[in-house]
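For the sequence shown, our numbering gives the first residue as 1091, with consecutive numbering after it.
Don't be surprised by glycine CBs; every beta carbon is placed ideally from N, CA and C.
Keep in mind the model is a prediction, meaning the values are calculated, not measured.
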Amino acid sequence: MEIPVFTVDAFSNLPFRGNPAAICPLMHELTDDLYQKIAAEMNLSETVFITSINPSDNFTTGSRFRLRWFTPTTEVNLCGHATMASAAVLFKHKENVNPKLVFETRSGDLAVTQRGEGYVMDFPLNPPTKQDANEFKDILKAAVGNHQIQDVYLCPITKKLLVRLSDSCERSVLTSLKVDAAALQRSETSGRVKGLIVTMRGSPDCQPGYDFYSRYFAPWMGIAEDPVTGSAHTVLGSYWSKELGKKKMLAYQCSSRGGELELEVRDDGRINIAGQAVTVLQGTITL
């Protein structure tokens, strides 16, 4: 069996930045075990499998597809960068003729449209709720040490814990955090948290004018640190929109690779997440 595979760096217009995803367009479904083995072999934060829903469609003419996302250790319910990367493969490499692609996923229908050199994803908005920091003291200690924090929120849908650093912190505090993935995983074993977002207010007055910064850690899902995380911004977008009183925001995820996301919180309870993507590899998996 030969399976086509692409590696696409999402949320970047330059190779080796943003977040890499492996994309496998398939003519038919494979077994869950094989999906997981391929994802472990690719060893990226996400490997995504695209299959046609209508047997008469192909990757050029079809407008609806099924998406499934796998980390090296497990299947996940929502992934932004791999969704964008999937659309990029269909639009750029399969020359899909439709103005909009719709993906059926564990998180419902997700639509992606082309906009200029980039892509706009129509995603669910996942509002977090305020928490007592004392309930998460172990995970906070493992994540940010003695740095002062301003807010702790939890999104029960995504199981992402949002920790906001104090406004008195410089951006270097966020970028220089050394988070021990094993210690972080040991600090929270209840299953209540599956991902940790550390965020802080941005510098909108300084070009390019980021409204907020973040980093994302998910050792519970086999990802020590994710470079640029679309799903985390379904939580971040909700939180910062209320804090800043803005619907449109520009965000930057401060991993070593880094990536930029344009956000628009909509009145219908969803969020547009936009960015660019660049293909760095095209090949074949032979089984």
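Status (buried if at least 16 other CB within 10 Å, exposed otherwise) for residue i
| i | result |
| --- | --- |
| V1370 | exposed |
| S1135 | buried |
| A1341 | buried |
| Q1366 | buried |
| C1114 | buried |
Same chain only: Cβ atoms within 7 Å of residue i, ignoring 5 sequence neighbours per side
| i | result |
| --- | --- |
| T1151 | V1187 |
| P1218 | Y1243, L1244, C1245, L1252, V1325, S1328, Y1329 |
| S1293 | Y1300 |
| L1215 | T1324, G1327, S1328, V1355, G1359, R1360, I1361 |
| L1264 | L1255, V1288, M1290, Y1303, R1305, C1344 |
Residues near residue i by beta carbon distance below 6 Å, same chain, minus five either side
| i | result |
| --- | --- |
| E1278 | I1229 |
| K1184 | F1149, T1150 |
| L1168 | S1197, S1321 |
| V1166 | W1159 |
| I1375 | I1093, V1095 |
| T1163 | G1312 |
Opposing strand residues paired with residue i [DSSP bridges]
| i | result |
| --- | --- |
| S1060 | The structure shown does not extend to residue 1060, since the chain spans only 1091 to 1377, so no value can be given for it. |
| E1207 | Bridge partners of E1207: none, in fact. |
| G1349 | Q1343 |
| N1362 | D1212, E1354 |
Own chain residues within Cβ distance below 8 Å of residue i, not counting five before or after
| i | result |
| --- | --- |
| F1106 | D1099, R1347, V1370 |
| K1220 | D1241, V1242, Y1243 |
Check: residue i C-beta below 7 Å from any heavy atom of the ligand FAD
| i | result |
| --- | --- |
| R1282 | In the structure on display, the ligand FAD does not appear, and there are no ligands present to speak of. |
Query raised in the report: Three or more C-beta pairs closer than 8 Å, one from the segment 1172 to 1182 and one from the segment 1201 to 1219: is that the case here?
Result: yes
Query raised in the report: If you pair each beta-carbon of the segment 1351 to 1371 with each one of the segment 1094 to 1111, do three or more pairs fall below 8 Å?
Result: yes
Query raised in the report: Quick check: the segment 1305 to 1317 against the segment 1356 to 1364, are there 3 or more CB pairs under 8 Å?
Result: no
Query raised in the report: At which residue ranges does the segment 1226 to 1300 contain complete beta strand (DSSP E) runs of 3 or more residues, listed in the order of the chain?
Result: 1239 to 1245, 1250 to 1255, 1285 to 1291
Report task. Could you pull out every unbroken alpha helix (DSSP H) segment of at least 4 residues lying fully inside the segment 1153 to 1212, listed in chain order? Result -> 1170 to 1178
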